[in-house]
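**Q**
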Amino acid sequence: MFRLSCLLLLAISTGVLSGCASKPITLHDSQLAPADVATIVMPEQLEVASVNGKEIAGGSGMMSIGDKILEVAPGRYEILVFYRELWELGEQHEVLRSDPALFVVEARAGERYRLDYDRPADLDAARELAIDFSGWSEELSSGRRTASTDSGVQFRRGLVAAMSFDDTLVPSAETADGHREVEPLPATGAPAAAGTSSPGSPLVSEQETKSAPPREADPLDLMKEWWQEASSETRRAFLQWLAERP
46 MFRLSCLLLL
56 AISTGVLSGC
66 ASKPITLHDS
76 QLAPADVATI
86 VMPEQLEVAS
96 VNGKEIAGGS
106 GMMSIGDKIL
116 EVAPGRYEIL
126 VFYRELWELG
136 EQHEVLRSDP
146 ALFVVEARAG
156 ERYRLDYDRP
166 ADLDAARELA
176 IDFSGWSEEL
186 SSGRRTASTD
196 SGVQFRRGLV
206 AAMSFDDTLV
216 PSAETADGHR
226 EVEPLPATGA
236 PAAAGTSSPG
246 SPLVSEQETK
256 SAPPREADPL
266 DLMKEWWQEA
276 SSETRRAFLQ
286 WLAERP
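In the numbering used here, each number is its position in the sequence shown, counted from 1, plus 45.
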């Protein structure tokens, strides 16, 4: 039972949630004439975090089938899109997810647009793509492409966010020039506050030096290990059970 619970948490942390066959997502007024509707299409590996700052129901979720289709009125659309894909290599399964990139579409009446990216050739290339995702939007009638740009946001980090399948976006930890902002440490010449270690002294408490308890295994590592030990049939049955959960 404990092992099954851990597998459940692992599945949630990797984002393996059930989806359904893709249907067009209508984002325009019902009074708009069909000839004026613009269509934005993307492959199933791309998911929509938001459109013009708003979350879109059905825009994301694993196991969707076929292209995703957005039907919109003419106008400018700033779409946050991220890459997520399940890779299977024998008994190994890995779900990769990138942070969102910003795709801009200047939609015209009756036009079709496609959001796409360079497909990774193997798992290593997919891992690199998940770290630094980018793509382009293409107006299909003219073939004109517009490259995506950095969105300035990222998904929450940490084990808790992963286990709860948290898709909340937060500001990126990087500045516009690509450098991470790091708070400076206190000057070495400043007097140490009472109860703090002086420069050069080990940052270990007296109690820790007497008896340091053994470090517990990382729960995520344990869950990965149990997932790898499970057979393909066990994994498939578990994912099916998870998909049927309310």
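Think of the CB as a built atom: it goes at the ideal place given N, C-alpha and C, for glycine as much as any other residue.
With the cut-off set at 8 Å, would you say L131 and V117 are in Cβ contact?
**A** Not closer than 8 Å, so no.
**Q** Would you kindly work out how many angstroms separate the C-alpha atoms of K113 and L214, rounded to a whole number?
**A** Rounded to the nearest angstrom, the two C-alpha atoms are 21 Å apart.
**Q** What runs of the alpha helix (DSSP H), each 4 residues or longer, lie entirely inside the region 112-180?
**A** Those alpha helix (DSSP H) runs which fall completely within the region 112-180 and span 4+ residues are 168-176.
**Q** Under 7 Å Cβ to Cβ from V150, same chain only, skipping five residues before and after it: list those, please.
**A** Result list for V150: I85, Y122, I124, Y158, S182, in chain order.
**Q** In three-state DSSP terms, what is T279?
**A** If DSSP states are grouped into helix, strand and coil, T279 belongs with the helices.
**Q** Measure the C-alpha to C-alpha separation of R225 and F200 and round it to an integer number of angstroms.
**A** Reliability fails at R225, whose pLDDT of 42 lies under 50, so the model's placement of it is uncertain and the value that follows must be treated cautiously. Cα to Cα, the separation comes out at about 16 Å.
**Q** Does DSSP put A83 in a helix, in a strand, or in coil?
**A** Correct three-state label for A83: strand.
**Q** Can you tell me which of D74, A78, S95 puts its alpha carbon nearest to the alpha carbon of D212?
**A** Of the listed residues, the one whose Cα sits closest to D212 is S95.
**Q** Who are the near neighbours of N97 in its chain, counting only those whose CB is closer than 7 Å to its CB and skipping five residues on each side?
**A** Excluding residues within five positions, the ones whose Cβ falls inside 7 Å are Y122, E123.
**Q** D81: buried (16+ other C-beta within 10 angstroms of its C-beta) or exposed?
**A** It counts as exposed.
**Q** Determine, for A170, whether the minimum Cβ-Cβ distance to residues of chain C falls below 8 Å.
**A** Annotation note: the requested chain C is absent from the structure, which comprises a single protein chain.
**Q** With Q199 as the anchor, note down where its beta strand (DSSP E) starts and where it stops.
**A** Element bounds for Q199: 198-200.
**Q** Quick check on A152: buried or exposed, where buried means 16 or more other Cβ atoms within 10 Å of its Cβ?
**A** Counting Cβ neighbours within 10 Å, A152 comes out buried, since at least 16 surround it.
**Q** Is the Cβ-Cβ distance between G111 and I70 less than 8 Å?
**A** Contact flag unset, no.
**Q** With H, G and I counted as helix, E and B as strand and the rest as coil, what does DSSP make of A94?
**A** Here A94 sits in strand by DSSP.
**Q** Which residues does DSSP pair with I70 in a beta bridge?
**A** L115.
**Q** Starting from the Cα of E100, find the closest Cα among G188, L115, A171, P88 and give me that residue.
**A** Checking every option, the nearest Cα to that of E100 belongs to L115.
**Q** In terms of alpha-carbon separation, which member of G155, D167, A192 lies closest to A78?
**A** Looking at the Cα atoms, G155 is the closest of the given residues.
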